[in-house]
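Going left to right, the sequence shown walks through residues 3 to 195 as my numbering numbers them. Where a beta carbon is used, it is the ideal one built from N, C-alpha and C, also for glycine. This one's a predicted model, so the numbers in the text were calculated from it and none came from an experiment. Only one structure is covered here, and it is reproduced in the block below.
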Amino acid sequence: MLSKLEELKLIDLPQLRHIFCNNDFQQISCFQNLGVLQLKQCDSLRYLFSASMELGLVKLKDLRVENCSKIKEIIKEDTAAGKITFPQTTQLSLLSLPNLKSFYPTTQTPGMLFNEKVAFPILEALDISNLDNVEKVWNNEIIADSFGELKSLSVGFCQKLQNVISSHMLKKLRTLQNLKIEGCNSLEVVFDT
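Below is the structure:
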């Protein structure tokens, strides 16, 4: 069932509350070939995945979430779950998500988009904009094999964002070729060295 599905686009679904109705691993593994997941204007969604769901998305290359006003987290907080890796994801776009607090939240890192619980080993492009509750993109405990292949970073209109690249991340972003920052009114430092 759906094991050949490679692309899933969900657009203008204001009553959609869940993409997957439960965390049954057998159901999740049906999406083993999903390479593209795009969501736009799904205003009742509060999160995309639970920690166990990520296990079935091993081929996900492109994740785009846009104009989903109630999303607070991409991966639902789970204190029992460990590190989650997106091994094939090369493009990540998080756009116009005014209530997003974190990709995968922990109680220790409020206002931090990415922390030590999530890894993107081959991510090449990161586009974030209009994330009104994000104060920092990364914390100082990012996983060693994460974000090291990032070539393009675009940050726009994140009103609480104070810092883009900390000294810790500066060492990791050795392949960064394009950096665009615009309209971040609280930004104090681009390169915190």
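Own chain residues within Cβ distance below 6 Å of residue i, not counting five before or after
i, result
"F27", "Low confidence applies to F27: its pLDDT is 49, below 50, so where it sits in the model is not reliable, and the reading given next is rough at best. Excluding residues within five positions, none has a Cβ falling inside 6 Å."
"W140", "F116 and M171"
"L150", "It is Gly, not Leu, that sits at residue 150 in the sequence shown. Answer for G150: K174, listed in chain order."
"E75", "Y49, S104 and P107"
"V67", "L41 and L96"
"S131", "L97, G158 and F159"
Where residue i falls, given that 16 or more other Cβ within 10 Å makes a residue buried
i, result
"N180", "exposed"
"L2", "Residue 2 lies beyond the stretch modelled for the chain, which goes from 3 to 195, so this question has no answer here."
"I13", "exposed"
"V191", "exposed"
"G58", "buried"
"K85", "exposed"
"F193", "exposed"
"K119", "buried"
"A146", "exposed"
Endpoints, alpha helix (DSSP H) assigned at residue i
i, result
"K6", "From DSSP, K6 is part of no alpha helix (DSSP H); its letter is neither H nor E."
Range covered by the beta strand (DSSP E) that runs through residue i
i, result
"L169", "One detail in the question is off: residue 169 reads as Ser in this sequence, not Leu. Premise fails: S169 lies in the alpha helix (DSSP H), S169 to K174, not in any beta strand (DSSP E)."
"I183", "N180 to E184"
Coil, strand or helix - residue i by DSSP
i, result
"F159", "coil"
"F193", "strand"
Same chain, Cβ closer than 7 Å to residue i, five either side skipped, listed in chain order
i, result
"L152", "L125, E126, L128, L175, T177 and L178"
"N142", "S168 and H170"
"S46", "P16, Q17, L18, R19 and K72"
Same chain only: Cβ atoms within 8 Å of residue i, ignoring 5 sequence neighbours per side
i, result
"L163", "L133, V136, E137, K138, V139, V157, C186, S188 and L189"
"T195", "S169 and L172"
Chain B contact for residue i (CB, 8 Å cutoff)
i, result
"D129", "In the structure shown, chain B does not exist; there is a single protein chain."
Problem set entry | 3-residue-minimum beta strand (DSSP E) runs that sit fully inside the region 37 to 70, ordered along the chain | 38 to 42 and 64 to 68
Problem set entry | Length at least 3, wholly inside the region 62 to 140: the beta strand (DSSP E) runs in chain order | 64 to 68, 93 to 97, 114 to 116, 127 to 131 and 138 to 140
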